[in-house]
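Residue numbers (the working numbering): 501 to 1076. Input: a single structure, listed below in structure tokens.
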Amino acid sequence: MNDGYDAGHGDGGPYELVGYDEYGRPVYRQAVDQQTQQQYDPYGGQGGQTQQGYGYDPYATGGHQQPAYDPYGNGGGYGYDPYATGGHQQPAHDPYGQGTHPGGTGQQPRVTEQTAYIPEQTGHAPERTAHIPQQARPADDARDDGDGPAPDYRTEQFAFVEEPDDDSEDVIDWLKFTENRTERREEARRRARSRIIALTVVFALVVAGGVGYLWYAGKLPGLSSSDKGTGTTTAAGAQKRDVLVVHLHDTENGGTSTALLVDNATTKQGTTVLLPNSLALTAEDGTTTTLAKSVEDDGSEGTRTALDTVLGTDIEGTWRLDTPFLLTLVDLVGNIEVDTDADVPDPDAKKKGQAPLVRKGKGQTLSGKMAVAYATHRGPGEAQDAQLERFGQVLHGVLRKLTSDPDAATTTVQTLGQIIEPPLTDADLGAFLAGLSDLAKGGDHRTQLLPVEEDGTLTAEASDGVVKDVLGGTAKSPDRDAAVTVSVRNATGDEDNTEKARVVLLNGGFTFLEGGTAGSAESASEVVYADPAEKENAAEVAKTLGLPADAVTKGKVSGNARVAVVLGQDYDPGSQ
């Protein structure tokens, strides 16, 4: 670009300051002597006479135009005429304002267009790039030849290019737009993947939690206690249960009602299992007896042991609840609500036809006295199971009204003033009832009746539905082949004959069951069997008691006895 002023093309002589460029930097040129000035005088300092020859005069200060390099081929003139003025030469352009006359003394301005940079000079080149048109470029031989004149470049011959232009900014904006859109798409994909992963993890946790709960509760298929394919299941037996037996003693009319209170800590389920009085048990002496008879004869401890044997349970204690204590308990909790199924007369009514003490209906509010009357009521011709279910309703109502705080429940038990049989204590009973109360208030308490056969043995339904699922045990009724159970009803008019007949039967290898005392005496005795397979056993019973062979007959046998005997006045204890 600046070949004409490049210090490298001279003879390497000294330099002199000629001015400053547009950036305020000094501009030098090579100093020349008088002889050289005659050939190259850019300022025309010889009194208006231009030196002869073909020297390079870029400013055309001489009066006579010397031949000069004409890059544009202007013709026969020797001077540079950028404006092509014609035959008469116009005054040459004087960039420093000195004029053409000899005495011109105009002040020299800063050099802005033609500058020479010394190689050793520091600084940066101008930021703008000069574009030399093709027609303004000198020939290669003139430019490369060091002996020829340097090319004369003028500002009119350059076109400067501004960078960047608007098109480049549009391209950058488009690239930014596509980049941002791509980033947004990638971010959306990442969020979608994160959501899918999170949902998958949550679903897996929910499934695992559900399976874990079903396994913990023993409700998984194949592990449930009701799964017949696995027999006696380990899951049901491994569940943690607290079991108490409660005996309601009717101190006014006699008789007892029994139920098992079950608190399953594993399944968070409470259950009241009602036990019929006809349930067959094995007495302490190895003989077969009934639940009612066991409570009366063997007491609490003997009955609890017999129940554990038959049901395969582990009963922790016995709660003897006499009817006066039940009355007080209901009054302490503030009455109960029961859906009654029958009208119950007032036991203290002196006249018949008075209004019933308890009316049939839903949501009946019962006081202590009403609750006792309803729990012990057994209508004419009703089975004992009907009365037992009413007792279960009263227990459920008490649990719903009892406090769920163990300490407060213990205080309630102590307020009753009853004697708690060991190993059960007031605190144990209070805490146990408080736990069942909490389940009952939450709807997690139910009442179930243990179904038994006519002879008092357990059915398959009882074994699967109640014994295994609720109690977690294994049913084991007394062996029917061990001894023939004989029920004896005294109709002789002599109460001592019952005891005499019991001793004779036990000595004969039979199991004795007391059938009660008839209201009136009967003349003839009877030995009854229901199953034809028991006919021989019935004949053996008649022979043992000294009764005639024609006293044996087929009929209905109630309870859990295999042979039923009615002792008449023809029975002679001394004839055995």
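Backbone N, C-alpha and C fix where the C-beta goes; we use that ideal spot for every residue, glycine too.
Bridge partners for residue 1012 per DSSP, in chain order?
Answer by DSSP bridge pairing, in chain order: 986.
Between residue 756 and residue 795, how many whole angstroms is the CB-CB distance? I'm expecting something under 8 Å.
5 Å
Within a Cβ cutoff of 7 Å, which residues of the same chain sit near residue 546, ignoring the five residues on either side of it in sequence?
At residue 546, the pLDDT of 42 sits below 50, so the modelled position is not reliable and the matter cannot be decided from this model.
Would you kindly work out how many angstroms separate the C-alpha atoms of residue 445 and residue 752, rounded to a whole number?
What is shown of the chain runs 501 to 1076, which leaves residue 445 out entirely.
So is residue 820 buried or exposed if we call it buried at 16+ other beta carbons inside 10 Å?
Burial call: buried.
Which same chain residues end up closer than 6 Å to residue 1042 when comparing Cβ atoms and leaving out the 5 residues on each side of it in sequence?
1027, 1051, 1052
If you draw a straight line from the C-alpha of residue 1063 to the C-alpha of residue 777, how long is it?
When the Cα atoms are used, residue 1063 and residue 777 turn out to be separated by approximately 19 Å.
Can you tell me which residues form a DSSP beta bridge with residue 516?
529
Residue interval of the beta strand (DSSP E) (run including residue 769)
769-775
Assigned exposure category for residue 527 - 16 Cβ within 10 Å defines buried:
buried
Report the CB separation of residue 950 from residue 1004 in whole angstroms; it is logged as a contact under 8 Å.
Rounded, the Cβ-Cβ distance is 33 Å, inconsistent with contact.
According to DSSP, is residue 741 helix, strand or coil?
The answer is strand: DSSP assigns residue 741 an E or B state.
Where does the unbroken alpha helix (DSSP H) through residue 860 begin, and where does it stop?
Where residue 860 is concerned, there is no enclosing alpha helix (DSSP H), given that its DSSP letter is neither H nor E.
Sort out for me which residues DSSP pairs residue 757 with in a bridge.
748
Stretch pair the stretch 838-852 + the stretch 799-817: three plus CB contacts closer than 8 Å
Cβ pair count under 8 Å is below three, so no.
For residue 926 and residue 920, believed in contact at Cβ under 8 Å, the rounded distance:
Contact annotation, residue 920 with residue 926: C-beta distance approximately 6 Å; criterion of less than 8 Å satisfied.
May I ask you to report which of helix, strand or coil DSSP gives residue 1074?
In the three-state reduction of the DSSP assignment, residue 1074 falls in the helix class.
Does the structure place the stretch 829-842 close enough to the stretch 866-877 that three or more beta carbon pairs sit under 8 Å?
yes
Taking 8 Å as the limit between beta carbons, can you name the residues of its chain near residue 891, skipping five residues before and five after?
748, 757, 759, 774, 875, 876
Can you give me the C-alpha to C-alpha distance between residue 944 and residue 961, rounded to a whole angstrom?
22 Å
Just to confirm, does residue 1004 get its C-beta within under 6 Å of one of the non-hydrogen atoms of the ligand ADP?
Among the components of this structure there are no ligands whatsoever, and the ligand ADP is therefore not found.
Start and end residues, beta strand (DSSP E) containing residue 840
836-840
Taking Cβ positions, are residue 983 and residue 1021 nearer each other than 7 Å?
no
Considering only residues of the same chain and omitting the five flanking positions on each side of residue 626, which have a CB-CB separation below 6 Å?
Model confidence at residue 626 stands at a pLDDT of 45, short of 50, so the residue's coordinates are unreliable; what they give is reported in the following sentence. Answer for residue 626: no residue qualifies.
Count the other CB atoms, across all protein chains shown, that sit within 10 Å of the CB of residue 523; report buried if there are 16 or more and exposed otherwise.
Result: exposed.
I'd like the span of the beta strand (DSSP E) that includes residue 1018, first residue to last.
No beta strand (DSSP E) contains residue 1018, which DSSP labels as neither H nor E.
Going by alpha carbons, who is nearest to residue 1032 out of 842, 1054, 1017, 952?
Nearest of 842, 1054, 1017, 952 to residue 1032, Cα basis: 1054.
Kindly indicate the opening and closing residues of the alpha helix (DSSP H) around residue 929.
For residue 929, the enclosing alpha helix (DSSP H) has its first and last residue at 926-941.
Below 8 Å on the Cβ atoms is my contact criterion, and I expect residue 793 with residue 1014 to pass it. Report the Cβ-Cβ distance as a whole number of Å.
7 Å
Grab the span of the alpha helix (DSSP H) containing residue 896 for me, first residue to last.
884-901
Identify whether residue 1026 lies in helix, strand or coil by the three-state DSSP scheme.
Residue state, collapsed to three classes: strand.
For residue 574, count neighbouring Cβ atoms within 10 angstroms of its own Cβ and tell me buried if that reaches 16, exposed if not.
Confidence is the limiting factor: at residue 574 the pLDDT is only 45, short of 50, which leaves the residue's position unreliable, though a coordinate-based value still follows. Classification of residue 574: exposed, given that the 10 Å Cβ count is below 16.
What are the residues that DSSP puts in a beta bridge with residue 1054?
Its beta-bridge partners are 1029.
Please state if the CB of residue 780 and the CB of residue 957 are separated by a distance shorter than 7 Å.
A contact, by the Cβ cut-off of 7 Å.
Could you tell me which of 988, 953, 965 sits nearest to residue 977, measuring between CA atoms?
953
Would you call the stretch 928-940 in contact with the stretch 899-919, where contact means no fewer than 3 C-beta pairs closer than 8 Å?
Under the Cβ criterion (8 Å, minimum of three pairs), the stretch 928-940 counts as touching the stretch 899-919.
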